[in-house]
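Sequential numbering from 84 applies to the sequence shown in our numbering. Before any comments, here is the structure.
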Amino acid sequence: MRINLRILNLSAWIALLTIIIVPGKVYNAGILRTEFGFPFRFFVEYHNKMNESHVWFLRGIRIDLLYFMFDVLIIYGILHGLLYILSRAKK
């Protein structure tokens, strides 16, 4: 089986855009955090009171690359299946 790089690239971008498009899930129990991503939540933002004199852009953020790859693979499978069905329907 050959991997279609255009579909893989598109699915990676769609997985990244789910951070913006799909609302995050807020957890109040334990550490206050918001998790983003769909279907697996791979981007976590922690809401801690930190020292404001040392502000850094990625401070309080965790990115799970394994879950991101799972999201990309799921979206790739869906897109590849849809394109296969559309190509079969045209024939």
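Backbone N, C-alpha and C fix where the C-beta goes; we use that ideal spot for every residue, glycine too.
Query                                                                                      : Result
C-beta contact flag for F126 and I102 at 8 Å                                               : yes
Meets three-Cβ-pair contact criterion under 8 Å: the segment 86-96 and the segment 105-124 : no
Counterpart residues of R116 in DSSP-defined beta bridges                                  : Y110 and Y129
Beta-bridge partners of R145, as assigned by DSSP                                          : V127
Coil, strand or helix - F121 by DSSP                                                       : coil
Rounded straight-line distance, which links the Cα of L93 to that of H73                   : This structure does not reach residue 73, given that the chain is present from 84 up to 174, and the question cannot be answered.
Beta carbon of R124 nearer than 8 Å to that of Y150                                        : yes
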